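First residue of the sequence shown? That's 19 in the numbering used here, and the numbers climb one at a time after it. Backbone N, C-alpha and C fix where the C-beta goes; we use that ideal spot for every residue, glycine too. If you're wondering where the values come from, they're calculated on a predicted model, not measured in any experiment. Structure record follows, encoded as structure tokens.
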Amino acid sequence: MTDITNTPGADGGDALVTAFNAVGADYIFCSSGSEWAPVWESLARRHRDGLPCPQYLDLTHETVAVGMATGYGLVERRPQGVLLHAAPGLLQGSMAMHGALLAGVPMVVSSSESTTYGDGPGQDPGGQWYRNLSIVGGPHQIAQPFTKWSNEAASVHTLPTMVTRAAELAWRAPAGPAYLNVPLEILLEEWDGREAKPIVRPGSTHSSPEEVDPVAQLIREAENPVIVTETAGREAGGFEALVAFAEAWNIPVVEPDSAVCGNFPRTHPLHAGSDIGPWMDEADLILLVNCRAPFYPPSRRPTKATIVVIDEVPQRPHVVYQVLFADKYLEGNVANTLRQLAKRAKDLDEAAVAVRRAAQEQRHADEQAAIAAAETKAAQAEGVDPVLVAATLRKLLEGQGGIVVDETITHSRVVKRHVQTVDPDSYFYVQGGLGQGIAVALGVKLAARERPVVLTIGDGAFAYNPVIPSYDASNAYELPLLIVVFNNRVYKSMNMNHRRFYPEGAAADTGEWLGTDLHRLPRLAAFAEPFGMHTETVDAPEALAPALERALKAVAEGTTAVVDVLVTR
């Protein structure tokens with residue numbers, strides 16, 4: 019039996035706050051609901067009495083609450099607390115929770131329900147639960163498909179350890195959100211004070227020497243090896259370990275279009291761009307480092323390469339269809355495995371390595387020349403080319419330690435290629451459905467207040483975002499962002515698919531392209547004006563750099579800046 023320390027007036031709200039303390043949560047990201055009065059009372063009492071508790075963020079939209087927890091977790095890599103309202107709030111936040119699952123971000127999300135509907139003893143939970151808010155099977159059943167683990171707290175006395183279990187599950191690979199339904203009656207129930215033990219970091223798994231040595235020998239014997247990675251940089255120390263591994267063996271690194279974070283310096287001579295295609299028939303060894311879906315279509319198998327998968331959990335349980343064609347797995351902690359392999363870079367054929375290195379340096383030089391040529395062409399074009407926007411951002415952010423959060427679609431390749439991030443935790447692509455970008459960027463800024471955070475976003479994605487609640491959070495918690503809108507006045511990806519599927523169809527014949535036109539939207543920067551934010555609208559190349567310079571200055575002075583750039587494509 020756990021030791022009991024009675025606290026006068028303690029209830030389930032205190033139990034939940036105590037549990038988040040034990041978890042080590044820095045923040046509780048909350049989108050208000052009528053069930054959270056016990057939590058608010060506990061926080062008010064702790065603030066009054068000088069007792070420890072996570073910092074509470076009062077947010078006005080569920081996507082903002084979960085998205086900010088996601089952004090914070092991308093940098094800090096530790097579970098935080100998120101409170102949503104009942105099943106409707108859970109449904110509203112579900113897209114962002116699914117995004118957190120895809121991004122591998124740990125968090126504990128809770129919402130509530132009633133179990134008595136006013137017919138039980140104790141305080142009246144309110145008629146809204148009986149009429150509008152309840153879901154057959156409970157909200158934990160709704161959360162199951164887009165969380166790692168979903169359950170209900172059945173007693174106030176087990177609530178703290180249920181939160182502990184949820185956090186421990188969320189933190190372990192593959193990291194992701196866990197959900198706990200906490201009925202209002204339990205939050206209001208008297209609590210005896212038994213507390214959860216503070217949790218510690220997960221222990222790391224290791225690939226054994228018996229597993230690593232044969233892979234090192236495969237690398238040693240390979241003439242044309244290549245590394246392909248999507249999320250090595252998401253792991254603690256993964257970015258640095260991948261650089262050391264690639265340099266030790268002189269192996270090129272491809273970050274395919276499916277890469278969703280910065281994994282390797284884009285200016286490094288061993289960076290081999292984003293196209294895996296040329297390697298499919300040329301490579302004799304492909305090292306897949308944290309790759310969920312490296313080949314598309316999935317049946318496109320490399321013709322002669324041996325495939326080694328380096329990933330702590332290579333078979334992602336939340337991925338519906340996954341094809342890796344693996345010949346060998348190294349399933350220990352990725353950074354640790356890469357460090358072990360780097361130490362084994364001995365007895366190399368120096369002549370063969372020199373040939374490989376020279377070939378890659380030439381590829382890299384050709385790519386850098388192509389980038390420079392594209393930027394020169396963009397600078398000479400009429401109107402504002404997206405390449406010019408990305409290149410200008412790179413120049414202005416140079417040396418500032420900036421972080422780019424990207425929620426573009428048709429311009430995402432341009433952003434990656436021309437912003438060219440080089441540091442760990444300097445690039446994140448928003449995962450899951452569109453509409454989370456501002457919130458994720460705010461969470462990144464919360465975790466990295468000293469670094470400038472830039473959100474690159476399309477006009478279509480901007481329209482999906484809860485803009486007003488996001489701007490409110492930016493002001494309320496002093497989280498200034500630079501938001502750069504790549505505004506081509508069209509849902510370009512939708513239009514491209516229509517043209518691809520029906521190149522000679524009725525729409526091509528008549529010009530009636532449905533579901534794509536965004537010309538009717540007002541000036542997107544104007545939404546920030548009521549919040550006292552810095553706004554710019556740019557429609558000429560010569561105005562771009564000065565506008566972005568003014569915007570970055572405003573951000574440095576503590577004000578979010580929105581630059582709506584009317585791009586040509």
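Selected residue, minimal CA-CA separation from R435, among F549, I325, V230 and H286: Just measuring C-alpha positions, the residue of F549, I325, V230 and H286 sitting nearest R435 is H286.
Under 8 Å between C-beta atoms of R431 and S292: yes
At what residue ranges does the region 498-527 contain a whole run of the alpha helix (DSSP H), taking only runs of 4 or more? Here the runs fully enclosed are 510-519.
Hey, quick one: how far does the alpha helix (DSSP H) through D231 stretch, first residue to last? For D231, the enclosing alpha helix (DSSP H) covers residues P227 to E239.
Between the alpha carbons of N354 and G122, how many angstroms are there, rounded? 18 Å
So, with DSSP's three-state summary, where would you put E300? coil
Tell me the DSSP bridge mates of P195? M125
D345 burial status per 10 Å Cβ neighbour count (16 or more: buried): exposed
Euclidean distance between Cα positions of L217 and A191: First, the residue type needs correcting, since residue 217 is Ile and not Leu in the sequence shown. C-alpha separation (whole angstroms): 16 Å.
For Y495, which of helix, strand or coil comes out of DSSP? coil
Could you pull the start and end residues of the alpha helix (DSSP H) that L542 belongs to? Note, L542: premise wrong, no alpha helix (DSSP H); not H, not E.
Neighbourhood of Q438 by C-beta distance below 7 Å, restricted to the same chain and skipping five residues each side: R284, T285 and R412
Find the nearest neighbour of E228 within the set R64, E349 and L69, judged by alpha-carbon distance. E349
Between the alpha carbons of G450 and A118, how many angstroms are there, rounded? So the alpha carbons of these two residues sit roughly 8 Å apart.
Between the Cα of D44 and the Cα atoms of I501, M125 and A105, which residue gives the shortest distance? M125
State the DSSP-derived secondary structure class of N351, mapped to helix, strand or coil. Here DSSP, grouped into helix, strand and coil, assigns N351 to coil.
Could you check how far apart the C-beta atoms of R334 and R310 are, in whole angstroms? I think they sit under 8 Å. 6 Å
Do the CB positions of T81 and G453 come within less than 8 Å of each other? A distance below 8 Å separates the beta carbons of T81 and G453.
Return the bridge partner residues of V326 from the DSSP annotation. L305 and K346
Residue closest to T324, alpha-carbon to alpha-carbon, out of A214, E253, A254 and L236: L236
Should P97 go down as buried or exposed, given a rule of 16 or more other Cβ atoms within 10 Å for buried? Its Cβ being crowded by 16 or more others within 10 Å, P97 is buried.
If we ignore side chains and look at the alpha-carbon of each, how far apart do K510 and G529 end up? 15 Å
Where G89 and G111 are concerned, what is the direct C-alpha to C-alpha distance, given to the nearest angstrom? 15 Å
DSSP state of Y135, grouped into three classes? coil
At the level of alpha carbons, what is the spacing between R63 and I204? 19 Å
For I245, write down the residues that DSSP places opposite it in a beta bridge. V271 and L305
State the beta-bridge partners of Y148 as determined by DSSP. Looking at the DSSP assignment, Y148 forms no beta bridge with any residue, so it has no partner.
Could you please give the first and the last residue of the uninterrupted beta strand (DSSP E) stretch that includes L69? DSSP places L69 outside any beta strand (DSSP E), giving it a letter other than H or E.
Residues near A569 by beta carbon distance below 7 Å, same chain, minus five either side: Once the five neighbours on either side are set aside, the close Cβ partners of A569 are L500, H552, E554, A579 and V581.
From L34 to G51, what does the alpha carbon distance come to, in whole angstroms? 15 Å
Candidates P487, P521 and V502, of which the one nearest L566 by Cα: V502
Separation of I475 from T426, as counted between CA atoms: 5 Å
Hey, which unbroken runs of the alpha helix (DSSP H) at 4 residues or more fall wholly within the region 408-476? 430-437 and 455-465
I'd like the list of long-range same chain contacts for H382, defined as Cβ closer than 6 Å, with 5 residues on each side in sequence excluded. P287
Taking 7 Å as the limit between beta carbons, can you name the residues of its chain near P220, skipping five residues before and five after? W189 and R190
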